[in-house]
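Chains A and B are the protein sequences, given in the same order.
All residue numbers for the first sequence refer to our numbering, where the first residue is 1 and numbers rise by one.
All residue numbers for the second sequence refer to our numbering, where the first residue is 1 and numbers rise by one.
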Amino acid sequence: MSGAHAHALHYHGHSPLHRAAPQVKLAGLVLFVLAVVMTPPVAVWAFSIYAAILVALVGVASIPPRFFLTRLSIDLPFVLFAFLLPFFGEGPRVDLGFLSLSSAGLLAAWNILVKATLGAGASVLLAATTEVSDIITGLRKLKVPIVLTAIAAFMIRYLDVIAGEMRRTRIAMKARGYDPSWIAQVGPLATAAGALFIRSYERGERVHQAMMARGFVGEFPAALDDREEIVRWWPAMAPVLIAWATMVMASLIT
Amino acid sequence: MHMPDGYINAATAVGGAAVAAGGIWASLRQSGRHLREKQIPMAGLTAAFVFAVQMLNFPVAAGTSGHLLGGALAAILLGPWMGALVVTVVVVVQALLFADGGIVALGLNVLNMALVTVLVGWLAFRVLMRVLPKTTGGAIGATMAAGFFGVLGSSTAFVIEYAIGGLGGAPLTTVFATMTGVHALIGIGEGLISGVAVGSVLAVRPDLVTATADLGLRRTATAPGRRTVTAFVAVGLGVALALVFFVAPFASTDPDGLERVAIDQGFSAGAQDHPIEGPLSDYGVSGLESDQVGTMLAGAIGVFVVFGLGLGLVSVIRRRRTA
Numbered sequence: 001m002s003g004a005h006a007h008a009l010h011y012h013g014h015s016p017l018h019r020a021a022p023q024v025k026l027a028g029l030v031l032f033v034l035a036v037v038m039t040p041p042v043a044v045w046a047f048s049i050y051a052a053i054l055v056a057l058v059g060v061a062s063i064p065p066r067f068f069l070t071r072l073s074i075d076l077p078f079v080l081f082a083f084l085l086p087f088f089g090e091g092p093r094v095d096l097g098f099l100s101l102s103s104a105g106l107l108a109a110w111n112i113l114v115k116a117t118l119g120a121g122a123s124v125l126l127a128a129t130t131e132v133s134d135i136i137t138g139l140r141k142l143k144v145p146i147v148l149t150a151i152a153a154f155m156i157r158y159l160d161v162i163a164g165e166m167r168r169t170r171i172a173m174k175a176r177g178y179d180p181s182w183i184a185q186v187g188p189l190a191t192a193a194g195a196l197f198i199r200s201y202e203r204g205e206r207v208h209q210a211m212m213a214r215g216f217v218g219e220f221p222a223a224l225d226d227r228e229e230i231v232r233w234w235p236a237m238a239p240v241l242i243a244w245a246t247m248v249m250a251s252l253i254t
Numbered sequence: 001m002h003m004p005d006g007y008i009n010a011a012t013a014v015g016g017a018a019v020a021a022g023g024i025w026a027s028l029r030q031s032g033r034h035l036r037e038k039q040i041p042m043a044g045l046t047a048a049f050v051f052a053v054q055m056l057n058f059p060v061a062a063g064t065s066g067h068l069l070g071g072a073l074a075a076i077l078l079g080p081w082m083g084a085l086v087v088t089v090v091v092v093v094q095a096l097l098f099a100d101g102g103i104v105a106l107g108l109n110v111l112n113m114a115l116v117t118v119l120v121g122w123l124a125f126r127v128l129m130r131v132l133p134k135t136t137g138g139a140i141g142a143t144m145a146a147g148f149f150g151v152l153g154s155s156t157a158f159v160i161e162y163a164i165g166g167l168g169g170a171p172l173t174t175v176f177a178t179m180t181g182v183h184a185l186i187g188i189g190e191g192l193i194s195g196v197a198v199g200s201v202l203a204v205r206p207d208l209v210t211a212t213a214d215l216g217l218r219r220t221a222t223a224p225g226r227r228t229v230t231a232f233v234a235v236g237l238g239v240a241l242a243l244v245f246f247v248a249p250f251a252s253t254d255p256d257g258l259e260r261v262a263i264d265q266g267f268s269a270g271a272q273d274h275p276i277e278g279p280l281s282d283y284g285v286s287g288l289e290s291d292q293v294g295t296m297l298a299g300a301i302g303v304f305v306v307f308g309l310g311l312g313l314v315s316v317i318r319r320r321r322t323a
């Protein structure tokens, strides 16, 4: 909701995972989650291996389990849909006392729950061990077009400013005794959003003029980085290789 | 609306990512050098704006996060190409930095939330402006409709993806009815907010609204009136109900259902007297008529359950905040 949580997921540290090159971590994240998604849902043992890999990596990164689990709960509202499936699913039904649930729906619910949670866990791990600016650098090194990474960089730089402006607007509204029920909020909030857009855009114009005044010609200089980076692909890819081997095994067996 | 990993199978997700990449490439080509040299800071600031606006949750659905998608709004303010790029960046950053939406599903999320909302919203706006009066009031009305149809387009895209590669056990008609119902409500909220927001920009800096730049708008109302809002909500609900009740039954790709129709229409019409004993009882279809009514009812119940959950959740959060 309101409030800046731009860096809420980052956990400061100096582990090998923190120091690994962002492009390696990004590629590893995509490949790991791909293996998870491709695994047949009946292969329960495979998912415990994935979970073990994640737990091991959380340990390597020395992120407190509590921190990791609270950040993981972001996933919760999005899997609520999964809980409805056993009730609306088709096919043969399973009797659980007074409840009659669809077995296909149950399997689908398990499938969504476990894959969504593992995927979110892997994303949280990336966000926890990688600075925002490093993620942009990593995307750039993975050949994402510079227009996109540049927009992302500006967006992240000014996110706190814009979110702060929105928060101040809401506080100002409340300070003047404005506290309507939810449906009545829509009008004034939308007007505030329109004002926010004008402010954001005009700020963008000023930023651009300031950049031009300092000699900006459409290219961004590479940031100096004196930190030691681990750009070795193979050791970093070990968890991914284990995950893919597991997925292939699971697909062959079932 | 942020789809986590696991909803849709990997092949469909990768295919969706390829389509999304094609859309992004086209947008990059179209926005071209102009964007590269002049507008990156503006695009970035607008992306921050869309991101902030997406934090404006309005309680509609718990399972599908009822916040503003901002696709139609971005399209109307920035034009379709820039709008698509800006919302794409927002969706990607949400997935990578906030674990909001899946990683393998990221391509599908970009497709649904950035490309489809922007494209449908832009087309709806431009088509409607040919019919509506070329005034600021007309533009606000068109924006409201654009927001509504953008969201419905997005949810329809999800249902299509679910039909291709959904791993769920729920019947397609139920998914379609539920998604359309929930997103019609979200779309009404989206349309209202987009309309008011564009109206307030038209009032102060009409030059910033790309979609109306070539229309030469006459200035009338800069906020939707009570009658416009009522008409919009009524039409929105009507469209949603029409979709759920008339389109949903035909959206089923279930071959058993089709087979059943053929048999019912043909020689074994009499078998309906003993549906349980019939040769098709293995398929678990207990009469097409009641099955359709059943799925539609299930869809309607689903809408209310999700709506109620969302409402309850928000009231709890509100109470905890004020306490």
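Heads up, the beta-carbon is just placed ideally off N, CA and C, and yes, glycines get one too.
Quantities reported herein were computed from a predicted structural model and do not represent experimental measurements.
The segment 133 to 145 of chain A touching the segment 62 to 73 of chain A, judged by at least three CB pairs closer than 8 Å
no
Residues near serine 31 of chain B in its chain [Cβ-Cβ closer than 6 Å; skip 5 each side]:
Numbered from its first residue, the second sequence carries residue 31 of chain B at position 31. Closer than 6 Å at the Cβ level, and outside the excluded window around serine 31 of chain B, lie Trp81, Met82.
With distance defined between alpha-carbon atoms, name the residue in A:Lys141, A:Tyr178, A:Leu125, A:Val207 nearest to alanine 21 of chain A.
For the purposes of this step, residue 21 of chain A is taken as the residue at position 21 of the first sequence. For the residues A:Lys141, A:Tyr178, A:Leu125, A:Val207, the minimum Cα distance to alanine 21 of chain A belongs to A:Lys141.
Through-space distance from threonine 230 of chain B to asparagine 111 of chain A, alpha-carbon basis:
Numbered from 1 along the first sequence, position 111 holds the residue referred to as residue 111 of chain A. Numbered from 1 along the second sequence, position 230 holds the residue referred to as residue 230 of chain B. About 42 Å.
List the whole-angstrom C-beta distance separating alanine 172 of chain A from alanine 197 of chain B, where the pair is believed to meet the contact cut-off of C-beta under 8 Å.
Counted from its first residue, the first sequence places residue 172 of chain A at position 172. Counted from its first residue, the second sequence places residue 197 of chain B at position 197. Incorrect: roughly 18 Å between the Cβ atoms, too far for contact.
According to DSSP, which residues form a beta bridge with isoleucine 8 of chain B?
As a working mapping, residue 8 of chain B is identified with position 8 in the second sequence. Isoleucine 8 of chain B pairs with B:Gly166.
Given a threshold of 16 other Cβ atoms within 10 Å of its Cβ, counted over all protein chains shown, does proline 224 of chain B qualify as buried or as exposed?
The residue labelled residue 224 of chain B in the question sits at position 224 within the second sequence. Its Cβ being crowded by 16 or more others within 10 Å, proline 224 of chain B is buried.
Going along chain B, which residues have a C-beta under 9 Å from proline 145 of chain A?
For the purposes of this step, residue 145 of chain A is identified with residue 145 of the first sequence, where counting begins at 1. Result: Ile24, Trp25, Leu28.
So that I know if they touch, is there some Cβ in chain B lying closer than 8 Å to that of glutamate 205 of chain A?
Here the question's residue 205 of chain A lines up with position 205 in the first sequence. Answer yes: the Cβ-Cβ gap between glutamate 205 of chain A and chain B drops below 8 Å somewhere.
Establish whether the CB of serine 154 of chain B and some CB of chain A are separated by less than 8 Å.
In the second sequence, residue 154 of chain B corresponds to position 154, counting from 1. So no, serine 154 of chain B is outside the interface.
What do you get for tyrosine 178 of chain A, buried or exposed, if any count of 16 or more other CB atoms within 10 angstroms of its CB means buried?
Working through the first sequence from its first residue, we reach residue 178 of chain A at position 178. Classification of tyrosine 178 of chain A: exposed, given that the 10 Å Cβ count is below 16.
Minimum Cβ-Cβ distance from isoleucine 103 of chain B to chain A less than 8 Å
Mapped onto the second sequence, residue 103 of chain B falls at position 103. With 8 Å as the cut-off, isoleucine 103 of chain B counts as an interface residue toward chain A.
DSSP state of arginine 218 of chain B, grouped into three classes?
On the second sequence, position 218 is the one that residue 218 of chain B refers to. It is a strand residue.
Within 10 Å of its beta-carbon, does valine 45 of chain A have 16 or more other beta-carbons around it, so buried, or fewer, so exposed?
The residue you call residue 45 of chain A lines up with position 45 of the first sequence. In the sequence as presented, valine is not what sits at residue 45 of chain A; that position holds tryptophan. Its Cβ having fewer than 16 others within 10 Å, tryptophan 45 of chain A is exposed.
In three-state terms, what does DSSP make of glycine 117 of chain B?
Here residue 117 of chain B refers to the residue found at position 117 of the second sequence. Before going further, note that residue 117 of chain B is threonine rather than glycine in the sequence given. Of the three classes helix, strand and coil, the one that applies to threonine 117 of chain B here is helix, per DSSP.
Quick one, which residues of the segment 101 to 115 of chain A are near chain B if we go by CB-CB under 9 Å, in chain order?
Ser102, Ser103, Ala104, Gly105, Leu106, Leu107, Ala108, Ala109, Asn111, Ile112, Leu113, Val114, Lys115
Taking the alpha helix (DSSP H) that threonine 230 of chain B belongs to, which residues open and close that run?
The sequence position of residue 230 of chain B within the second sequence is 230, counting from 1. First-last of the alpha helix (DSSP H) with threonine 230 of chain B: 226 to 242.
Closer than 8 Å by C-beta to glycine 13 of chain A: which residues in its own chain qualify, once you throw out the five before and the five after it? Chain order, please.
Residue numbering aside, residue 13 of chain A sits at position 13 when the first sequence is read from its first letter. Within the same chain, glycine 13 of chain A has close Cβ partners Ala61, Ser62, Ile63, Thr129.
Chain A contacts from the segment 3 to 20 of chain B (Cβ-Cβ distance under 9 Å)
Met3, Pro4, Asp5, Gly6, Tyr7, Ile8, Asn9, Ala10, Ala11, Ala13, Val14
So, for isoleucine 253 of chain A: in the same chain, excluding its five sequence neighbours on each side, which residues have a beta-carbon less than 8 Å away from its beta-carbon?
For this step, residue 253 of chain A is matched to residue 253 along the first sequence. Ala43, listed in sequence order.
Just to confirm before moving on: does the CB-CB distance between proline 239 of chain A and leucine 57 of chain A stay below 8 Å?
In the first sequence, the residue the question calls residue 239 of chain A occupies position 239. In the first sequence, the residue the question calls residue 57 of chain A occupies position 57. Yes, Cβ-Cβ distance for proline 239 of chain A and leucine 57 of chain A is below 8 Å.
Closer than 6 Å by C-beta to methionine 38 of chain A: which residues in its own chain qualify, once you throw out the five before and the five after it? Chain order, please.
As a working note, residue 38 of chain A is residue 38 in the first sequence. For methionine 38 of chain A, where only same-chain residues beyond five positions count, the Cβ hits under 6 Å are Met247.
Which residues, in order along the segment 41 to 54 of chain B, keep a beta-carbon less than 7 Å from a beta-carbon of chain A?
Pro41, Met42, Ala43, Gly44, Leu45, Thr46, Ala47, Ala48, Phe49, Phe51, Ala52, Val53
Between which two residues does the alpha helix (DSSP H) containing glycine 70 of chain B stretch?
Walking along the second sequence from the start, residue 70 of chain B turns up at place 70. Element bounds for glycine 70 of chain B: n/a, residue is neither H nor E.
Under the criterion of a Cβ to heavy atom distance below 7 Å, does arginine 19 of chain A qualify as lining the ligand ADP?
With respect to the ligand ADP, the structure shown offers nothing to examine, as it has no ligands at all.
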